[in-house]
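**Q** Here it is, the structure, as structure tokens.
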Amino acid sequence: MSAVKILTKAAFQSQSGAEYEETAMQLFPITSGRIQPNYNTVDNEATNGTAFKDVPRLGNIDITGTLSFQVDTVAFFKLLNVFFGSADSDKYKYGTNAKKFSFVFSDGVKVYKYANVYPKSLKITSSAGNKVTGDLEVVASSNESRTTDIFPEVTDYGDFFLHSDMSGDGFFRVGDQDNALTLADNLYIEEFSLELTSGFDSQFANQRLSLTPIYAMTAIEVSGSFKVSRYDADTFLNWRDNGTKLQLIAKYVYGNENLVIKIPNFIIQAELEDEDIIKQNITLLIGRNGYGTSYLNSNMEFISPIEFSKESE
Amino acid sequence: MSDVKTLHKAAFALESDKPAAWGSGANTVIGQKMFPFLEFSPQKTINHEQNNSIYSDGFKETPRVVTNYLEASFSHYQWFKGPLKDIAFWAFGYELPPVPVVVITADLTTEPQQGAVYENTAGDSFVFLRKEEYRDETLYVFVSEEKGLPGSTLTRVSGTGDAEITVLTSSSVMYEHLFELDKDSRHACPYKELQKPLAVIYITASLTDVPEEGDVYQDENGSKFVYAGTNGSKYRFIWETGNPIIEGDLSRVSGEGDETIIPLTEDSYKYEVGLDFQDLDTRDKCRRATLHFGTEVSDQRLRNCVCKRFTLHSEASKFWEVTNEFLGYDCEKGTYFSSGDSFPDATLDASNIIAHHQTQVLLGPKNSEVSVGITSLDVGVEIPLEVGQDTLSSVYLKEPVFNGKYNISFNAILSRYSSDVFQGYRDNWTDLIGVVRAKEGFFSAGYYFNALKEAEASLDDSEVTKQNLNLIPYYDSANNLDAYFPSNYFPQQMKSPVLYMVRDSDPRYTMIERF
Chain A
686 MSAVKILTKA
696 AFQSQSGAEY
706 EETAMQLFPI
716 TSGRIQPNYN
726 TVDNEATNGT
736 AFKDVPRLGN
746 IDITGTLSFQ
756 VDTVAFFKLL
766 NVFFGSADSD
776 KYKYGTNAKK
786 FSFVFSDGVK
796 VYKYANVYPK
806 SLKITSSAGN
816 KVTGDLEVVA
826 SSNESRTTDI
836 FPEVTDYGDF
846 FLHSDMSGDG
856 FFRVGDQDNA
866 LTLADNLYIE
876 EFSLELTSGF
886 DSQFANQRLS
896 LTPIYAMTAI
906 EVSGSFKVSR
916 YDADTFLNWR
926 DNGTKLQLIA
936 KYVYGNENLV
946 IKIPNFIIQA
956 ELEDEDIIKQ
966 NITLLIGRNG
976 YGTSYLNSNM
986 EFISPIEFSK
996 ESE
Chain B
62 MSDVKTLHKA
72 AFALESDKPA
82 AWGSGANTVI
92 GQKMFPFLEF
102 SPQKTINHEQ
112 NNSIYSDGFK
122 ETPRVVTNYL
132 EASFSHYQWF
142 KGPLKDIAFW
152 AFGYELPPVP
162 VVVITADLTT
172 EPQQGAVYEN
182 TAGDSFVFLR
192 KEEYRDETLY
202 VFVSEEKGLP
212 GSTLTRVSGT
222 GDAEITVLTS
232 SSVMYEHLFE
242 LDKDSRHACP
252 YKELQKPLAV
262 IYITASLTDV
272 PEEGDVYQDE
282 NGSKFVYAGT
292 NGSKYRFIWE
302 TGNPIIEGDL
312 SRVSGEGDET
322 IIPLTEDSYK
332 YEVGLDFQDL
342 DTRDKCRRAT
352 LHFGTEVSDQ
362 RLRNCVCKRF
372 TLHSEASKFW
382 EVTNEFLGYD
392 CEKGTYFSSG
402 DSFPDATLDA
412 SNIIAHHQTQ
422 VLLGPKNSEV
432 SVGITSLDVG
442 VEIPLEVGQD
452 TLSSVYLKEP
462 VFNGKYNISF
472 NAILSRYSSD
482 VFQGYRDNWT
492 DLIGVVRAKE
502 GFFSAGYYFN
512 ALKEAEASLD
522 DSEVTKQNLN
532 LIPYYDSANN
542 LDAYFPSNYF
552 PQQMKSPVLY
562 MVRDSDPRYT
572 MIERF
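If you read the sequences in order, they're chains A and B. If you count by the working numbering, then the first sequence holds residues 686 to 998, one letter each, in order. If you count by the working numbering, then the second sequence holds residues 62 to 576, one letter each, in order.
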């Protein structure tokens with residue numbers, strides 16, 4: 686049977702040991718992408734008296750993938766648990782991370798199992814009229830296992846969030862750090878996106894597969910942007926000019942599990958768009974919120990440049 | 062009159078295999094060498110050097126021309142028939158002598174062994190070469206040295222296979238032309254080792270004192286022939302001067318064999334490679350060509366063009382497209398085309414164009430290769446050539462020579478991923494062979510890969526998952542394609558990672574016989 690995309694499925698879990706685990710798999714609301722090994726070849730450059738190259742050799746095997754998915758009310762929080770390394774009362778933020786994934790894919794031809802899969806980056810995109818989507822980039826330090834095994838038992842994913850879930854009880858708020866954000870800080874935005882790196886990356890030494898990634902082996906960076914639907918005040922331009930330190934809360938409300946994103950400390954770039962209705966493109970330049978227990982923005986008492994949380998009703 | 066693309070003309074002519082000095086020796090005869098092209102845009106690379114001296118004003122002088130050469134490309138469909146084998150030789154660089162074959166269809170119980178000999182009712186011999194299994198039919202290819210036709214029945218004389226073969230359909234006498242990439246050179250130069258084709262005549266005779274190899278004889282017209290041993294029951298003579306036909310008796314000129322040899326039978330001359338006496342012929346390897354390009358304004362003659370890259374692209378619902386990139390010495394403008402110049406008849410019929418649906422792709426370990434469904438494929442050969450000037454070349458290029466090793470690529474998209482066999486080939490670094498060939502009736506053209514490794518077998522994200530195959534051809538001196546081209550008929554001189562074979566009705570040995 687040929688592989689048909691609509692019949693494929695994927696699942697993951699937080700792996701605690703050194704081998705693939707599938708005892709607590711979560712169905713992943715994947716829309717495209719898969720993890721695949723990229724085999725690098727190394728040319729034979731020695732001269733052999735002819736103009737033909739001799740047989741090359743296989744070099745490093747870089748196991749990577751970018752998985753696009755719908756941000757939902759169930760699977761996304763389990764993903765965040767591994768991405769950030771911990772969940773503290775359903776709050777996910779940067780700290781020491783020793784977690785990794787086991788992933789499994791089924792495409793109707795084979796069941797592909799991947800162990801020791803580390804998140805490399807996460808991108809969240811939210812735009813008017815659309816669902817909230819994510820792109821998870823991963824690297825792995827173990828090669829794929831192609832089997833004819835049965836796809837494991839999984840927990841189903843939840844409903845996906847929409848951009849419009851930031852309304853009603855949901856909201857998008859940006860303001861200075863003088864006081865906690867309130868209703869008065871609500872904004873109408875057309876687009877919102879975030880990019881986060883995990884601190885993990887592949888690294889090659891004297892073996893074909895990557896060494897086991899170590900947390901913070903690459904710089905942790907958080908960046909983002911949003912587009913304010915209308916330009917009707919100079920607020921953002923003034924914040925830009927003055928380098929005013931700001932804070933942000935985005936709350937998506939749907940069903941019983943709400944997604945809240947908090948960014949405690951950033952300044953902005955702002956520019957006006959040249960369209961019939963003038964909009965404002967805001968780029969977030971995000972930093973940590975102090976050091977230790979000394980918070981630059983005391984309205985959000987955590988150092989991490991970003992925090993995701995699940996609020997249940 | 063303004064120029065219009067649809068009224069353009071192009072012609073391709075190989076330059077002489079007794080090449081003139083670089084910069085000269087254009088083949089000015091067009092005749093039937095016109096060919097239908099898709100894209101052709103003669104371009105020159107002209108570099109300038111600026112006078113950067115300071116003259117206390119802010120103005121620059123006009124720069125001077127310091128480099129002037131051709132660097133352009135043309136593309137065309139690939140055809141089952143026609144003279145595009147000249148372009149194939151120009152691109153690959155070397156061709157083995159054509160092998161005369163007949164192709165039949167038959168219902169067989171036991172497939173003949175390669176090398177099994179059959180005879181028709183007239184006693185002509187046919188040596189089994191290979192079976193070709195296609196989607197719609199199976200063909201059996203026999204070597205026909207005597208250029209006979211099989212008739213209705215073939216009877217086995219030696220080897221294994223059905224004792225009698227009832228021929229259902231048969232081709233006329235056809236020729237298999239096998240092209241190899243030249244491993245030694247791309248510029249005009251002498252043949253190396255045993256590569257030079259020599260005209261050979263086989264005779265039978267009753268001899269008392271058999272000559273020694275190297276003994277020289279001449280016929281009644283004064284044409285000279287050098288004795289070069291035996292092949293079975295026949296004596297081999299290499300033609301040296303005069304006409305390559307033995308007229309009357311042979312008289313000894315040197316050596317100690319029979320003074321007079323009376324040929325009892327004489328085969329027509331043919332070309333062979335792999336023989337000693339390479340100095341007998343004055344040819345050189347010449348991969349230069351003259352291209353003519355005609356517009357509504359003027360014609361251009363592009364001389365000393367050498368191929369630096371060629372590619373094949375084929376995809377579902379399309380024709381085979383070949384693109385050739387080249388360097389050249391210079392071009393002149395004038396009136397070169399005349400009303401008498403024409404296309405070969407075969408290129409006037411679109412049914413002779415090779416289409417993707419006529420293509421078969423075989424991949425797998427040797428003797429286990431299987432036909433696979435491919436939606437798109439690309440074969441490419443880059444010929445690294447030095448682009449340089451010196452004090453002898455003036456503003457033009459020196460004759461380009463090798464500047465590195467060939468880069469040969471073969472990529473294909475498997476239409477449906479339904480098995481992880483190709484991932485297995487990648488993981489295990491399995492030795493593979495590959496064939497990309499097309500047929501129309503008994504005509505065939507194809508690329509044959511002697512040794513492949515699979516570097517990539519990734520799955521794409523389309524609704525019906527496809528698989529991207531990135532195959533790496535490499536040099537392997539073993540003849541992994543002996544089931545297709547046994548060395549006794551195809552004595553490959555280069556062990557090229559990729560071969561190109563055309564089977565058609567044209568006996569002309571493209572590498573040395575100009576038309």
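Just so it is clear, CB atoms sit at the ideal spot from N, CA and C, and this is done for glycine as well.
#1: Helix, strand or coil for residue 504 of chain B? Go by DSSP, reduced to three states.
#2: Applying the 10 Å Cβ sphere with the 16-neighbour rule, what's the burial state of residue 691 of chain A?
#3: Pick from B:524, B:204, B:456 and B:549: whose alpha carbon is nearest that of residue 105 of chain B?
#4: Taking Cβ-Cβ distances shorter than 7 Å, what residues in chain B pair up with residue 719 of chain A?
#5: If the criterion is Cβ atoms closer than 8 Å, does the pair residue 425 of chain B and residue 493 of chain B meet it?
#6: Of all the options B:140, B:81 and B:517, which has the alpha carbon lying nearest to the alpha carbon of residue 251 of chain B?
#7: So, with DSSP's three-state summary, where would you put residue 439 of chain B?
#8: Please name the residue, chosen from B:477, B:485, B:499 and B:490, that lies closest to residue 522 of chain B on a Cα-to-Cα basis.
#9: Count the other CB atoms, across all protein chains shown, that sit within 10 Å of the CB of residue 125 of chain B; report buried if there are 16 or more and exposed otherwise.
#10: For residue 524 of chain B, which residues in chain A fall below 9 Å Cβ to Cβ?
#11: For residue 482 of chain B and residue 792 of chain A, what's the separation of their Cα atoms in angstroms?
#12: Can you name, in chain order, every residue of its own chain whose Cβ lies under 7 Å from the Cβ of residue 448 of chain B, other than the five neighbours on each side?
#13: Comparing alpha-carbon positions, which option in B:405, B:181 and B:345 lies nearest residue 146 of chain B?
#14: Which chain B residues sit within Cβ distance under 8 Å of residue 733 of chain A?
#15: CB-CB under 6 Å to residue 88 of chain B, same chain, minus the five flanking residues each way: which ones, in chain order?
#16: Against residue 925 of chain A, what residues of chain B qualify as contacts under a CB-to-CB distance less than 7 Å, listed in chain order?
#17: Compare the C-beta of residue 737 of chain A with all C-beta atoms of chain B and state if any pair is closer than 8 Å.
#18: Beta strand (DSSP E) containing residue 485 of chain B: first to last residue?
#19: Short check: CB of residue 635 of chain A to CB of residue 525 of chain B, under 8 Å?
#20: What are the residues in the segment 553-574 of chain B lying within 8 Å of chain A by C-beta distance?
#21: Enumerate in chain order the residues of its own chain whose CB-to-CB distance from residue 198 of chain B is below 7 Å, with the five nearest sequence positions on each side excluded.
#22: Taking only the alpha-carbon atoms, compute the straight-line gap between residue 558 of chain B and residue 469 of chain B and give it to the nearest angstrom.
#23: How about the segment 812-824 of chain A and the segment 857-866 of chain A: do they share at least three Cβ pairs that are nearer than 8 Å?
#24: When DSSP builds the beta bridges, which residues end up paired with residue 956 of chain A?
#25: Looking at the C-beta of residue 111 of chain B, does it have a partner C-beta in chain A at a distance below 8 Å?
#26: Using a 10 Å radius around the Cβ and a threshold of 16 neighbouring Cβ atoms, would you call residue 915 of chain A buried or exposed?
#27: Contact criterion: CB-CB distance below 8 Å. Does residue 470 of chain B meet it with respect to chain A?
#28: So, helix, strand or coil for residue 353 of chain B, using DSSP?
#29: Interface residues of chain A around residue 490 of chain B at Cβ under 7 Å?
#30: Output the residue ranges of the beta strand (DSSP E) runs that lie fully inside the segment 250-332 of chain B and measure 3 residues or longer, sorted by chain position.
#31: In terms of residues, what are the limits of the alpha helix (DSSP H) holding residue 768 of chain A?
#32: Count Cβ pairs between the segment 764-772 of chain A and the segment 840-849 of chain A that sit closer than 8 Å; are there 3 or more?
#33: Pull up the CB-CB distance for residue 21 of chain B and residue 93 of chain B, whole angstroms please, since I reckon it's below 8 Å.
#34: What residues in the segment 495-520 of chain B have a beta carbon less than 8 Å from any beta carbon of chain A?
#35: Hey, is residue 710 of chain A close to the ligand COA, as in C-beta under 7 Å from one of its heavy atoms?
#36: Which runs of the beta strand (DSSP E) at least 3 residues long sit entirely within the segment 370-414 of chain B? Give them in chain order.
**A** Looking at the atomic coordinates:
#1: strand
#2: exposed
#3: B:456
#4: 520
#5: yes
#6: B:81
#7: strand
#8: B:477
#9: exposed
#10: 689, 690 and 691
#11: 15 Å
#12: 388, 458 and 461
#13: B:405
#14: 536
#15: 74, 76 and 351
#16: Residues of chain B passing the Cβ test: none, with the nearest at roughly 39 Å.
#17: yes
#18: Per DSSP, residue 485 of chain B belongs to no beta strand (DSSP E); it is in the alpha helix (DSSP H), 482-489.
#19: Chain A is shown only over 686 to 998; residue 635 of chain A falls outside these bounds and no answer can be derived.
#20: 555, 556, 557 and 558
#21: 166
#22: 8 Å
#23: no
#24: A:966
#25: no
#26: exposed
#27: no
#28: strand
#29: 743
#30: 259-265, 277-279, 285-292, 295-302 and 311-315
#31: 760-769
#32: no
#33: The displayed coordinates of chain B run from 62 to 576. Any statement about residue 21 of chain B would go beyond what the structure contains.
#34: 512, 514, 516, 517, 519 and 520
#35: The ligand COA is not part of this structure, which contains no ligands at all.
#36: 382-389 and 391-395
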